[in-house]
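Here the protein sequences come in this chain order: A and B.
Just so you know, we're using the numbering used here here: the first sequence kicks off at 3 and counts up by one.
Just so you know, we're using the numbering used here here: the second sequence kicks off at 76 and counts up by one.
Below is one structure, written out as structure tokens; the observations come after it.
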Amino acid sequence: MEDTIVGISAPVGGPISIIRMSGHDGLSILKKIFTWKDKQNPKSHRIYHGWVVYEGEKVDEVLVSVMLAPKTFTREDVVEINCHGGALVAQKILLLLVKHGARLAEPGEFTKRAFLNGRIDLSQAEAVMDIINAKSDLSHKSALNQLQGRLGLLLNASCEALLVLLARIEMAIDYPEHEEADIMAHEIKLKLVDILADLERLLASANSGKIIREGIKTAIIGEPNVGKSSLLNALAGEDRAIVTHVPGTTRDVLREAIKAGDVFLEISDTAGIRDTDDVVESEGVVRSFKESQRADLVLLVFDGSKAVTQEQISKFQHEGWEKVLVIVNKSDLPSKVDKDLLKNTFGEASVIEISAKNYIGIDALCHKIQNMFLKGEIEYGGDLVTNARHISLISNAKDSLVNAMSAIGDGLHIDFIAIDIQAAYATLGEITGIVVTDELIDKIFSEFCLGK
Amino acid sequence: MKKIREIVYTAEAVDVIVIGGGHAGCEAALAAARMGCAVSLLAINLDSIAMMPCNPNIGGTSKGHLVREIDALGGEMAKNIDKTYIQSRMLNTGKGPAVHSLRAQADKHRYSQEMKKTLENTPGLRIMQSEVVDIAVDDGAVVGVMSASGALHPCKALVMATGTYLGGRCIWGEVSVNSGPNGLAAATQLKDSLDHLGITMHRFKTGTPARLDASSVDFSKMIEQRGDDEITPFSFENSREDIDRPQISCYLTHTNERTHEVIRANLQRSPMYSGEIEGTATRYCPSIEDKVVRFAEKTSHQVFVEPEGENTNELYVSGMSTSLPEDVQIAMYRTVPGLENCRIVRFGYAIEYDCVDATQLLPTLEFKTISGFFSAGQFNGTSGYEEAAAQGLIAGINAAAKILDKPPLTIDRSEGYIGVLIDDLVTKGSNEPYRMMTSRAEYRLLLRQDNADLRLTEKGYGYLISDERHQKTIEKKRYITDEINRLSKTIVAPTEKVNLLLKQHDSSEITSGMKLVELIKRPELTYDLLVDVDTNRPTLPKDVAEQVNIAIKYEGYIKRQMLHVEQFKKLENRKLPQDLDYSTISNLRLEARQKLNAIKPLNIGQASRITGVNPADISNLLVYMERRKHMERGTE
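What follows is the structure in structure tokens.
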């Protein structure tokens, strides 16, 4: 049986993006991310309204067409998700579907399936192949576009470095009596360390790209009246205006994206924070705790003017938070909190003093957050790896090189090490479009003087 | 020259005619005759049977693999070099088992004599000195060949193996003569016949260094290169004891800036740079003048001085192939340490020759357009004795198989270097003389020289492999499997003896029982090293023990490559019809249509390897094939 494929079928950038999915598992994959009334028994050829939800969090409000086989374009089960504009939301939903078992469609693959399943006739079939050509040209062009600029340079540099290294190894294997043939495992290792670092930098840029695109999911946690809403206001205040609203959520501000230095903080359940600060209500605390489990960053707020007991602190320990900063608020008032206790519990560097009311320490806090998420130098302006396919290929290439490193560690011979290096090169070649053998032999004979 | 020749007489009809007595021709003739065909081998000069007009050795990286594979399929090259080697070395022993490569220095004259003797003593095979000038084709099938003297030789199949003789022209300095290698007569008329048959030809160039008189060479100024103390035979059917003999050394010396100055000062007199040579040279065998020009920054190049045999003073100067004028050659060689007073007995030369565009061939090495017409060796655009012999073997087997109504024998890329070689030739063709390299084999780890018999001998059964040899191979496989199974079940206890042994080999001690396979996997240990703690070990032949060791030690890598092979086989098994006219598939790009029509790939896998066919074309092709299937079903 064919696998389930997914693709964005209407051009991204218009007011509506359509994500189309075709295949036997389409419906069950949909159910994992879409909540709507008729979830259990959807009828064919109906349109449903609901929310795409990921790990309890609403991603977008959408209309979904469910069309069951065989009366569909591909004669397979087809699901179409009409989501709000914006490449980010569409791509996010696309990646969610991939995560749950769909595969990214190749150019023209929906049409190809339509034909192969007898949905379109002979004359239409001729057109199918034109579409495949046109689309593959298009995807080739768009891939080329993505490969221009710094990303392309970095990737090509890594490929070239791998090729030179491979040529060196292969020369040693095919011309063992040549004077330059000796290559030591540690020489290979040194080269691999550099190339690995480059690939890791590229992947890091992918993470940064995600952070920059989507913002850092941030939860503000703390006892009532410690100043959570003041902190929110300070972060979003006067010259840090609320920058974006999530599209389509006009009735209720669920999330606020706040620019903190070079990154966005996506602060969840801001309404909740404001509410629970006004009304001392345990339900609100429970809700924000739940929210914090899914956050990239937790801002844990204490009132610096009040003493805090070990017991109060213990409550916040072992929450399994990914990253946490302890905010000691109200630094304008005499300090009563035991800062050493906080530092001992959460780590010295994680504790920061501010006065939300007087905007003291807010810049330092933003700076700290930025450093936590954007390591090293990140340049902006489209040089980031954002294409899902590229990310997975670079990551696979990196894995191959890690294998090569461990082969070196295990004392294996260079021809084994070459296997993984070649795999890495071939994987990157799927991005750059280079074929291994031809290039390699050209390289060997251009780099080394060989022959009887 | 007469275009239409008169038949003076009709010679005895045979099944297979082989044109050429070089390494390809010999294998082809022997294979066809041994399969039961009546074979005539026609060569311009019978004293040049299995001649080595260039380097005096067989094997080396990847080429050694080819020779082992030739042997595994029942060919002759391995046995002949085992009879006539004067030095033997296993190269690359410091690397993994997949790239261990056997190379032997040959006594050139004895190599040639022994091969001739084998041909003469093979029933059904006759050799004849004769120049073929015409190929007779009737109704799209070969029916015979015509000799220069007007003899018509009727045949059912033909193997072309003309090497560098066809349209041969030797050039050095200002001298240019129409000649085959080594001053032998060239075949001058046959090309017209090939043109007439509509066959596309290339013109390639190769070259050879001078030969020196050993009595004029000072070996004390060079570094001696000795053979291995324990030699390995090329043939799986020989043991070391069978062929052990005293070995002769080679010597290493170097060119220097003075050498390069002589070359640079005379480049304008080199035919390569004066435009005298038109043929395409290979990057794999550059002349010394090429090396000096292309790698101008290098101040020295290696030179290996190799004896050509036991009963001759002639020395081969490996690394200094040249087509410079004679006076420049003398001056140039005399700049090299040890060669200061050398006397040249044969001058180096470049040779141009006519060869065929191999994409016109099927993987059986038969021309797609002419039934019964096979071709092999340098004529197919390769360089090297081993590449030639491998093709000759396959062409000879398939020529005989065609006549005997047996299925053709083809080797794919996952089965052998022979498969890689032939697939590259018939799928991609070559713009320069093609040399085998281990880097060309994508499943290198599986295609080792040590397991060529396990990979190919069963495949060769029914062609050149006897019942006995077939059974022996099956038995060997069983020994290997049984022993691996035993080792996977045998547990050694952490006794004092075991840990002492481990300590001796810098291996960490064990505290609880451990399977022997796990110990063998440790980089510092081998199957052989553990013999003393493996009490129930059966006595197994050395080659079986070697296979067991490799299979266990490199299991992870081997499994990975086998997964890749599985993927490869899937595409190879999607057949494409040979009558498909790709120009009617309008949705293929023009280049793809042309390339596919020219190559007529046998399957999707081969189609995907054609230069100029991209993944979108393959996708279109799959759709087209599916459409065809729908149509066929519809009309039923």
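Quick reminder that beta carbons are idealized off the backbone N, C-alpha and C, glycines included.
Asked: With 8 angstroms set as the bound, which would you pick, yes or no: does the beta-carbon of Pro-72(A) sit closer than that to a beta-carbon of chain B?; Found: no
Asked: When DSSP labels each residue in this structure, what does Ile-306(B) get in the three-state scheme?; Found: coil
Asked: Name the chain B residues that come within less than 7 angstroms of Lys-34(A), Cβ to Cβ?; Found: Under the 7 angstroms cutoff, chain B gives no residues; its nearest Cβ is about 30 angstroms from Lys-34(A).
Asked: Do Gln-622(B) and Asn-560(B) have their CB atoms nearer than 8 angstroms?; Found: no
Asked: Going by beta carbon distance, what residues of the same chain come within less than 7 angstroms of Ser-458(B), once the five residues before and after it are set aside?; Found: Thr-281, Thr-357, Tyr-359, Cys-360, Pro-508, Tyr-509, Arg-510
Asked: For Ile-2(A), does the three-state DSSP call read helix, strand or coil?; Found: Absent from the structure is residue 2(A), since the part of chain A shown begins at 3 and ends at 454.
Asked: Determine the chain B residues that contact His-415(A) at a beta-carbon separation under 7 angstroms, and present them in chain order.; Found: Lys-170, Gly-171
Asked: Do Gln-524(B) and His-140(B) have their CB atoms nearer than 8 angstroms?; Found: yes
Asked: Do you know how far the Cα of Arg-185(B) is from the Cα of Tyr-427(A)?; Found: 46 angstroms
Asked: Taking Cβ positions only, does Glu-172(A) come closer than 8 angstroms to chain E?; Found: In summary, chain E is missing from the structure at hand, where the protein chains are A and B.
Asked: Would you please verify whether the beta carbon of Phe-370(B) is less than 8 angstroms from any beta carbon of chain A?; Found: yes
Asked: With DSSP collapsed to three states, give me the class of Cys-112(B).; Found: coil
Asked: How about Val-174(B): is its C-beta nearer than 8 angstroms to some C-beta of chain A?; Found: yes
Asked: At least one CB of chain A closer than 8 angstroms to the CB of Leu-646(B): is that the case?; Found: no
Asked: Within 10 angstroms of its Cβ, does Gln-546(B) collect 16 or more other Cβ (buried), or is it exposed?; Found: exposed
Asked: List the residues that DSSP assigns as beta-bridge partners of Cys-481(A).; Found: No answer is possible for residue 481(A): the residues shown for chain A start at 3 and end at 454.
Asked: Could you work out which residues of chain B lie near Glu-181(A), taking near to mean beta carbons separated by less than 8 angstroms?; Found: Gln-377
Asked: From the DSSP output, in three-state form, read off Arg-515(B) for me.; Found: helix
Asked: Could you tell me which uninterrupted beta strand (DSSP E) segments, each at least 3 residues in length, are contained entirely in the stretch 154–224 of chain B, listed from first to last along the chain?; Found: 160–166, 176–181, 200–204, 207–213, 216–222
Asked: Output yes if chain B places a C-beta closer than 8 angstroms to the C-beta of Ile-175(A); else output no.; Found: yes
Asked: For a contact meaning CB atoms closer than 8 angstroms, what does Asp-412(A) contact in chain B?; Found: Pro-598
Asked: In whole angstroms, give me the CA-to-CA distance for Thr-330(B) and Tyr-84(B).; Found: 56 angstroms
Asked: Counting only Cβ pairs nearer than 8 angstroms, list the residues of chain A close to Asn-167(B).; Found: Ile-175, Pro-178
Asked: Take the Cβ of Gln-42(A) as the centre, count every other Cβ of all protein chains shown within 10 Å, and call the residue buried at 16 or more, exposed below.; Found: exposed
Asked: Assuming Val-217(B) and Ile-445(B) are in contact, meaning their beta carbons sit under 8 angstroms apart, how far apart are those beta carbons, in whole angstroms?; Found: 6 angstroms
Asked: What residues from chain A crowd round Glu-701(B), counting only those whose CB sits closer than 7 angstroms?; Found: Leu-118
Asked: Need the endpoints of the alpha helix (DSSP H) that Lys-230(A) sits in, please.; Found: 230–238
Asked: What does the alpha-carbon distance come out to for the pair Pro-569(B) and Leu-520(B)?; Found: 34 angstroms
Asked: Would you report the Cα separation of Ala-181(B) and Glu-179(A), rounded to the nearest angstrom?; Found: 18 angstroms
Asked: Considering only C-alpha positions, which residue in the set Asp-90(B), Thr-439(B), Ser-661(B) is nearest to Ile-486(B)?; Found: Thr-439(B)
Asked: Quick one: Cα of Gly-471(B) to Cα of Glu-182(A), how far?; Found: 40 angstroms
Asked: Mind listing the chain A neighbours of Cys-520(B)? Cutoff is C-beta to C-beta under 9 angstroms, in chain order.; Found: Position check: residue 520(B) holds Leu in this sequence, whereas Cys was assumed. Near Leu-520(B) (Cβ distances below 9 angstroms), the residues of chain A are Asp-417, Phe-418, Ile-421.
Asked: Assuming Phe-309(B) and Leu-390(B) are in contact, meaning their beta carbons sit under 8 angstroms apart, how far apart are those beta carbons, in whole angstroms?; Found: Incorrect: roughly 24 angstroms between the Cβ atoms, too far for contact.
Asked: When you compare only the Cα positions, how much space is there between Leu-157(A) and Met-186(A)?; Found: 26 angstroms
Asked: Given this structure, state the Cα-to-Cα distance separating Cys-1(A) from Arg-203(A), to the nearest angstrom.; Found: Only positions 3 to 454 of chain A appear in the structure, and residue 1(A) is not among them; the question remains open.
Asked: In or out: Lys-191(B) buried (at least 16 other Cβ within 10 Å) or exposed?; Found: buried
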